[in-house]
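Count along the sequence shown starting at 1, add 81, and that's the number in the working numbering. Even glycine gets a Cβ: it sits at the ideal position worked out from N, Cα and C.
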Amino acid sequence: MSDDVRELLGRAAEDAGRPVISTEAVYAKAARVRWRRRAAVSAGAVCTVALGAFVVPQLSSFAPEAPRTASVAAPAKPPGGTERAARLVQLLPGGIGAVEEVSFADIIKHASPLPPEPPRTGPLDGQYAVRRDGGVGYLTVDVSDAKAVERKLGGSPRVKDLCKQGNGERARTECVREKLPGGRVLTIWSDAMDYGDGTPQWGPELTARLVLADGSELAVRDSTGFEADIVQGPLLKTPPLTRAQLHALMLRPELLPGK
């Protein structure tokens with residue numbers, strides 16, 4: 082006999098003289114008691130779970146954040162670290178080395194904070210480090226529209242032949258001037274960059290300038306690097322691009338606006 086039934090029969094005996102309670106009624110009432118107790122326990126369990134669901138997130142906010150890991154499906158970082166560097170790499174010959182976009186304001190002047198990014202006329206305008214054989218050289222790409230070229234000249238007439246030494250100018254060694262279709266003129270020369278002491282002290286380089294028919298200009302420096310108290314690496318033995326490779330790069334339309 083269960084405790085619930087025994088308890089109800091005991092109460093029935095105490096109420097002797099009152100209307101008789103049948104055994105069936107006692108068992109039915111005991112069943113109702115057991116049902117109410119189970120319902121109370123179930124409700125308590127539901128409340129406990131609900132309370133736990135509320136408390137746990139609150140506690141989790143005080144727990145140290147777990148390290149975040151990149152998804153294996155995340156897109157890989159483009160070569161060179163930026164979209165411009167990745168696009169430039171596609172125009173360069175294989176084996177040139179590792180190419181990444183840099184800022185001379187950072188690696189030369191150590192400016193902090195860095196100045197605002199200058200306006201860009203060409204889609205790949207920028208400064209790029211080239212790492213090869215333990216050294217670091219640089220490529221710079223800069224497109225100037227006709228108005229910018231005029232401002233740079235300050236009213237002085239444009240030099241028609243850069244290979245001819247002007248008044249007060251240093252002679253450009255190994256200078257080659259080439260007339261191209263469409264009124265373009267390409268000039269490439271060597272520069273020892275021996276301008277005396279200073280920081281940074283640039284190493285030898287090749288310089289190329291493409292003048293377009295509308296007066297705009299594409300300029301590229303192909304430098305072995307620079308020497309200073311803090312550098313990214315020693316000079317390259319030769320510029321990142323050979324003269325022939327630089328010539329080919331200057332003719333790529335991808336360097337010009339709208340191409």
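- Sequence-distant Cβ neighbours of D272 in its own chain, meaning closer than 8 Å and more than five residues away, are R253, T254, P285, E286, L287, T288.
- With contacts defined as CB atoms closer than 9 Å, L234 and L169 fail to qualify as a contacting pair.
- If only complete runs of 3 or more residues are kept, the stretch 173 to 242 shows the beta strand (DSSP E) at 179 to 183, 207 to 213, 216 to 225, in order along the chain.
- For A300, the enclosing beta strand (DSSP E) starts and ends at 298 to 304.
- Pairing L261 with L267, the inter-Cα distance amounts to about 7 Å.
- Spanning the alpha carbons of A329 and V257 requires a straight line of approximately 14 Å.
- When only Cα atoms are considered, G236 and G215 end up about 44 Å apart.
- In the structure shown, R324 adopts helical secondary structure according to DSSP, grouped into three states.
- E335 sits away from V230, with the two beta carbons spaced by 9 Å or more.
- For E250, there is no enclosing beta strand (DSSP E), since its DSSP letter is neither H nor E.
- One thing to note: I177 has its Cβ within 9 Å of the Cβ of V211.
- The distance from the Cβ of L172 to that of R302 is about 16 Å, inconsistent with a contact at the 8 Å cut-off.
- Between P320 and G218, the CB-CB gap stays under 9 Å.
- Contact annotation, T202 with V224: C-beta distance approximately 4 Å; criterion of less than 8 Å satisfied.
- Annotated three-state conformation of R290 is strand, per DSSP.
- For C256, the enclosing beta strand (DSSP E) stretches over residues 254 to 261.
- Residues L267, I269, A289, L291, L299, V301 of the same chain have their beta carbon placed closer than 8 Å to that of M331, with the five preceding and five following residues left out of the count.
- Within its own chain, the residues whose Cβ lies closer than 6 Å to the Cβ of E259, once the five positions on either side in sequence are excluded, are L267, listed in chain order.
- Excluding sequence positions up to five before and after F185, its CB lies within less than 7 Å of the CB of Q208, all in the same chain and listed in chain order.
- Note that the C-beta distance between V222 and L243 is not below 9 Å.
- Closest in C-alpha terms to L327, from the list S304, G339, D226, P315, comes S304.
- Boundaries of the beta strand (DSSP E) around I269: 265 to 272.
- Closest by C-alpha distance to G296, out of L316, G339, R239, is R239.
- With 16 or more other CB atoms across the displayed protein chains lying within 10 angstroms of its CB, L317 is buried.
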